[in-house]
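Position 24 (the sequence shown) corresponds to 27 in our numbering; numbering is contiguous. Virtual Cβ for every residue (Gly too), placed ideally from N, Cα, C.
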Amino acid sequence: MIYIRSTAFLLLGILTTIFYGLFTVPLAVLRHDIGYECARGWGRRILWLAKNVCGIDYEIKGIENLPSRPVVVMAKHQSAWETVAILCYLPRAVWIIKRELVWVPIIGWVLGGLKSIAIDRKSGRTALDQILEQGQDRLGRGYWVMIFPEGTRVAPGERRRYGMGGSLLATGAAVDVVPIAHNAGECWRRNAFLKYPGKVTMSIGAPISTVGKTAQAVAREVEDWIESEMSRLPSTGEANRKYANRASGA
């Protein structure tokens, strides 16, 4: 059934993306506000499919922590699930993405149209300067800025070095950071075709103030909160057992 459900999700997801893309791509360029709401409609449909076809239920904790002012959001990155959930549940944001994503049909075009900050991760200081300059511009215009500080998706139980871009942007713009932890990778792993049933928990932390702090101090505080919260998240159920069996060779 895992294979059947995963195949059905893939096919229905492609059809859903094409259908919404017909409206979202042009609207993202011509009418950003309407385009963003169309993208959210696509996201809600993908979450619905994941739940009702693949059995991936979810719980969002800490919605009350979301402020009314623009902030920098820094989240754990394990799968595609959290990108969809963040799109649906957080205020309107721009995303810091790798430049290659802009050329992905439909999804990449939408990201480009929605004023995402597309960087070349190999360009070092140039990429950082782009994050700071364009990020402050977006914050000043009332957008939230979304960044995955580890730079790429990581497997459950693993972690990578947290980059400084988000913290430098937040301290430079004098805005708070909202941290997010989740365990979506246990049901929906990076580049994985198979989707395992379980319950994903996405936890939104209280805003972390940057007032009077260095970017290094903010980065440590964000990383400590996310990684500590990761250790407290509940099991996703069947997905955890599947991965445990694989690791043990059972």
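- Item | Runs of beta strand (DSSP E) wholly within the region 100 to 138 (minimum 3 residues, chain order) | 120 to 122
- Is the region 181 to 195 in contact with the region 83 to 95, if contact means three or more CB pairs nearer than 8 Å? yes
- So, Phe-151 versus Ser-9, is the Cβ gap smaller than 7 Å? no
- Query: Between the beta-carbon of Gln-139 and the beta-carbon of Ile-120, is there less than 7 Å?
  - Reply: no
- Query: By the 10 Å Cβ neighbour count, where 16 or more other Cβ atoms means buried, how is Asp-179 classified, buried or exposed?
  - Reply: buried
- Item | Boundaries (first-last residue) of the alpha helix (DSSP H) holding Val-32 | 5 to 33
- Query: Ala-176 CB to nearest chain D CB: under 7 Å?
  - Reply: The chain labelled as chain D is not found in the depicted structure, where only one protein chain is given.
- Query: If we count the other Cβ atoms within 10 Å of its Cβ and call it buried at 16 or more, is Asn-186 buried or exposed?
  - Reply: buried
- Item | Nonlocal neighbours in the same chain, by C-beta distance under 6 Å from Met-149, ignoring five residues either side | Val-76, Ala-96 and Trp-98
- Task: Report all residues from its chain with a CB closer than 6 Å to the CB of Leu-236; omit the five preceding and five following residues, and keep chain order.
- Result: Asn-186 and Thr-204
- Item | Proximity test, Val-203 beta-carbon vs the ligand ZN heavy atom, cut-off 6 Å | Of the ligands one can find in the structure shown there are none, so the ligand ZN has no counterpart to examine.
- Message: I'd like the list of long-range same chain contacts for Ala-88, defined as Cβ closer than 6 Å, with 5 residues on each side in sequence excluded.
- Response: Met-205
- For Ala-78, which residues does DSSP report across the bridge? Ile-183
- Quick one: what does DSSP say Glu-189 is sitting in, helix, strand or coil? helix
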